[in-house]
Amino acid sequence: MAQQVQGVIARSKGAPVEVVTVVVPDPGPGEAVVKVQACGVCHTDLHYREGGINDDFPFLLGHEAAGIVESVGDGVTEVAPGDFVILNWRAVCGRCRACRRGRPWYCFDTHNATQRMTLLDGTELAPALGIGAFAEKTLVAAGQCTKVDPAASPAAAGLLGCGVMAGLGAAINTGGVGRGDSVAVIGCGGVGNAAVVGAKLAGAARIIAVDLDDRKLATARTLGATHTVNSSSSDAVEAIRELTGGHGADVVIDAVGRPETYRQAFYARDLAGTVVLVGVPTPEMGLDLPLLDVFGRGGALKSSWYGDCLPSRDFPMLIDLYLQGRLDLDAFVSETIPLDGVEEAFARMHRGEVLRSVVVF
Numbered sequence: 001m002a003q004q005v006q007g008v009i010a011r012s013k014g015a016p017v018e019v020v021t022v023v024v025p026d027p028g029p030g031e032a033v034v035k036v037q038a039c040g041v042c043h044t045d046l047h048y049r050e051g052g053i054n055d056d057f058p059f060l061l062g063h064e065a066a067g068i069v070e071s072v073g074d075g076v077t078e079v080a081p082g083d084f085v086i087l088n089w090r091a092v093c094g095r096c097r098a099c100r101r102g103r104p105w106y107c108f109d110t111h112n113a114t115q116r117m118t119l120l121d122g123t124e125l126a127p128a129l130g131i132g133a134f135a136e137k138t139l140v141a142a143g144q145c146t147k148v149d150p151a152a153s154p155a156a157a158g159l160l161g162c163g164v165m166a167g168l169g170a171a172i173n174t175g176g177v178g179r180g181d182s183v184a185v186i187g188c189g190g191v192g193n194a195a196v197v198g199a200k201l202a203g204a205a206r207i208i209a210v211d212l213d214d215r216k217l218a219t220a221r222t223l224g225a226t227h228t229v230n231s232s233s234s235d236a237v238e239a240i241r242e243l244t245g246g247h248g249a250d251v252v253i254d255a256v257g258r259p260e261t262y263r264q265a266f267y268a269r270d271l272a273g274t275v276v277l278v279g280v281p282t283p284e285m286g287l288d289l290p291l292l293d294v295f296g297r298g299g300a301l302k303s304s305w306y307g308d309c310l311p312s313r314d315f316p317m318l319i320d321l322y323l324q325g326r327l328d329l330d331a332f333v334s335e336t337i338p339l340d341g342v343e344e345a346f347a348r349m350h351r352g353e354v355l356r357s358v359v360v361f
């Protein structure tokens, strides 16, 4: 029997979000209904509201979430009612060419729930990243549920569902940061600071955080940065080179996603070093680099989509590290808020006042 719950939607481009009644259908084959316990407020949700993803309004926002599986549809074996799960937006298919080659983190045919949640009048909602977790309950594909240790705080665990995983994975999975490496991270919001944490976990010897905001740089210091550079008053490329013996960093992670920051990352890396783009550009952005420099500097230019993570592999491992006290996910939870606090949380996020506001149910 369909259920009615409260959820946050973006009804039209740029309009303030609204708390409305959402109809959640019973799970069909391969689907699960999850009672959401916590959901982080991510920049991607703001991009949806501003029409920066697509124009499939109205959107049911929210995607960085953890909760309890309430019910499952036919054929579901991955999870069962009562399981504590982190929701992910990469339910791998197991059949595409990437999965068949043993690279499921590149799955080219990820999927979401087949049914749509709706408003009371029957209007179909487009769930953000196929999740829609600014709601008391949400309907997802069962493969979007990753079971983890229920001892974890839902507010902290849910952040692995997007931003924190993206940053950690950019360093560990995509960048391949190793022991003794030098790493520079450009942009120290939630994703960038997670990249700092990832570099520290991987054993980097020197971690250089770059930002325009001294508050964010101070946070990066607490999370593991060994050096900071305020690029409003210093040349970031020259500062990174100076801090790495004049050579540049082994791995430079652009967590902003603008042509200016990508150029900084490109020229701030050592010869044969790696650039990782994890910040999300907007459609109109372009990049102009001398092709001879691309050839002559060698190394690798990579993009990192969701930190190249495999949720079934990475989420349980990272939650174990969290419970062992080796990964401070709680440090990313700047505040907890009620469901009707999302609009104000967007404003605080835009002003750079928080790493993450988290809706707690």
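1 is the number of the first residue of the sequence shown in the UniProt record's numbering; add one for each residue after it.
All C-beta atoms, glycine included, are put in the ideal place defined by N, C-alpha and C.
Could you check what DSSP says for S312 in three-state terms: helix, strand or coil?
Residue numbering aside, residue 312 sits at position 312 when the sequence shown is read from its first letter. S312: helix per DSSP, three-state reduction.
I need the DSSP call for E70, collapsed to helix, strand or coil.
Position 70 of the sequence shown, counted from the first residue, corresponds to residue 70. Note: E70 maps to strand in three-state DSSP.
For T222, name the three-state secondary structure that DSSP assigns.
Taking the sequence shown and counting its residues from 1, the one referred to as residue 222 is at position 222. Correct three-state label for T222: helix.
To the nearest angstrom, report how far apart residue 362 and V76 are at their CA atoms.
Here the chain covers residues 1 to 361 and nothing more, so residue 362 does not appear.
Could you have a look at I131 and say whether DSSP puts it in helix, strand or coil?
As a first step, residue 131 is located in the sequence shown; it is residue number 131 there, counting from the start. I131 falls in the coil class under three-state DSSP.
Opposite L304 in the DSSP bridges: which residues?
Here residue 304 refers to the residue found at position 304 of the sequence shown. For the record, residue 304 in the displayed sequence is Ser; it is not Leu. Answer by DSSP bridge pairing: none, since S304 is not bridged.
What's the gap between the Cα of Y267 and the Cα of V237?
Within the sequence shown, numbered from 1, the residue matching residue 267 stands at position 267. Within the sequence shown, numbered from 1, the residue matching residue 237 stands at position 237. About 6 Å.
In terms of DSSP beta bridges, what is V251 paired with?
Here residue 251 refers to the residue found at position 251 of the sequence shown. Answer is V183, T274.
Can you list, in chain order, the residues of its chain with a C-beta nearer than 7 Å to that of V256? Leave out the 5 residues immediately preceding and following it.
Position 256 of the sequence shown, counted from the first residue, corresponds to residue 256. If we look at V256 and ignore the five residues flanking it on each side, its Cβ neighbours are I186, G187, G279.
Between W105, S182, L139, which has its C-alpha nearest N173's C-alpha?
Position 173 of the sequence shown, counted from the start, is the residue given in the question as residue 173. Answer by Cα proximity: W105.
Does DSSP classify I53 as helix, strand or coil?
On the sequence shown, residue 53 is found 53 positions in, with the first residue counted as 1. Three-state result, I53: coil.
Could you compute how far the alpha carbon of S303 sits from the alpha carbon of R116?
By one-based count along the sequence shown, residue 303 stands at place 303. By one-based count along the sequence shown, residue 116 stands at place 116. Taking the straight line joining both Cα atoms gives about 31 Å.
Taking C-alpha atoms, which residue in R351, A170, I208, P58 lies nearest to T228?
Counting from 1 along the sequence shown, the entry for residue 228 is found at position 228. The candidate whose alpha carbon is nearest that of T228 is I208.
I need the DSSP call for G40, collapsed to helix, strand or coil.
As a first step, residue 40 is located in the sequence shown; it is residue number 40 there, counting from the start. In the structure shown, G40 sits in a strand (DSSP, three-state: E or B).
Please name the residue in W89, C107, E70, D74 whose C-alpha comes closest to that of P81.
Locating residue 81 in the sequence shown gives position 81, counting from the first residue. Among W89, C107, E70, D74, the Cα nearest to that of P81 belongs to E70.
Helix, strand or coil for K216, going by three-state DSSP, please let me know.
Sequence index remark: in the sequence shown, residue 216 carries index 216 (1-based). Three-state result, K216: helix.
Mapping the DSSP letters down to three states, classify R241 as helix, strand or coil.
In the sequence shown, residue 241 corresponds to position 241, counting from 1. Residue state, collapsed to three classes: helix.
State the Cα-Cα distance for the pair H63 and R97, rounded to the nearest angstrom.
If you number the sequence shown from 1, residue 63 lands on position 63. If you number the sequence shown from 1, residue 97 lands on position 97. Each residue's alpha carbon lies about 27 Å from the other.
Just the Cα atoms here: how many angstroms apart are K13 and Q324?
Within the sequence shown, residue 13 is the residue found at index 13, counting from 1. Within the sequence shown, residue 324 is the residue found at index 324, counting from 1. The straight-line gap from Cα to Cα measures roughly 43 Å.
Only counting the same chain, and skipping five residues up and downstream in sequence, which positions put a Cβ closer than 8 Å to that of G73?
In the sequence shown, residue 73 corresponds to position 73, counting from 1. Excluding positions up to five away in sequence, the list reads D26, P27, G28, P29, G30, E31, A32, A142.
What is the rounded straight-line gap between the Cα of E284 and the Cα of R258?
The sequence position of residue 284 within the sequence shown is 284, counting from 1. The sequence position of residue 258 within the sequence shown is 258, counting from 1. Rounded to the nearest angstrom, the two C-alpha atoms are 11 Å apart.
What number of angstroms, rounded off, separates the C-alpha of T226 from the C-alpha of G190?
Counting from 1 along the sequence shown, the entry for residue 226 is found at position 226. Counting from 1 along the sequence shown, the entry for residue 190 is found at position 190. Approximately 18 Å, taken between the alpha carbons.
In the DSSP output, which residue or residues are listed as bridge partners for I172?
Along the sequence shown, read from residue 1 onward, the residue named residue 172 stands at position 172. According to DSSP, which records beta bridges pairwise, I172 is partnered with nothing at all.
Below 8 Å on the Cβ atoms is my contact criterion, and I expect A249 with V183 to pass it. Report the Cβ-Cβ distance as a whole number of Å.
What you label residue 249 is simply residue 249 of the sequence shown in a count that begins at 1. What you label residue 183 is simply residue 183 of the sequence shown in a count that begins at 1. Confirmed, about 6 Å.
Spell out the partners DSSP gives A157 in its beta bridges.
Position 157 of the sequence shown, counted from the first residue, corresponds to residue 157. Paired residues: none, contrary to the question.
With DSSP as the reference, label N230 as helix, strand or coil.
Working through the sequence shown from its first residue, we reach residue 230 at position 230. Here N230 sits in strand by DSSP.
Out of G132, R221, T118, which has the shortest C-alpha to C-alpha gap to V210?
Locating residue 210 in the sequence shown gives position 210, where the first residue counts as 1. Of the listed residues, the one whose Cα sits closest to V210 is R221.
Which word fits M317, buried or exposed, when buried means at least 16 other C-beta atoms lie within 10 angstroms of its C-beta?
Within the sequence shown, numbered from 1, the residue matching residue 317 stands at position 317. The residue in question, M317, is exposed, as its Cβ has fewer than 16 Cβ neighbours within 10 Å.
Label S357 either buried or exposed according to how many other C-beta atoms from any shown protein chain fall within 10 Å of its C-beta, with 16 as the threshold for buried.
Position 357 of the sequence shown, counting from 1, holds the residue named residue 357. So S357 ends up on the buried side.
I need the DSSP call for E260, collapsed to helix, strand or coil.
Residue numbering aside, residue 260 sits at position 260 when the sequence shown is read from its first letter. If DSSP states are grouped into helix, strand and coil, E260 belongs with the helices.
Residues bridged to V23 by DSSP?
By one-based count along the sequence shown, residue 23 stands at place 23. Looking at the DSSP assignment, V23 forms a beta bridge with Q4, T118.
Give me the Cα-Cα distance between G130 and N112, rounded to the nearest whole angstrom.
Working through the sequence shown from its first residue, we reach residue 130 at position 130. Working through the sequence shown from its first residue, we reach residue 112 at position 112. Distance between the alpha carbons of G130 and N112: 6 Å.
Taking the continuous alpha helix (DSSP H) assigned at R97, which residues delimit it?
Residue numbering aside, residue 97 sits at position 97 when the sequence shown is read from its first letter. Residues 97-100.
Just tell me which of A91, A155, R179 has its CA closest to the CA of A251.
Taking the first residue of the sequence shown as position 1, residue 251 is located at position 251. Note on residue identity: the sequence assigns Val, not Ala, to residue 251. Checked all of A91, A155, R179; the closest Cα to V251 is R179.
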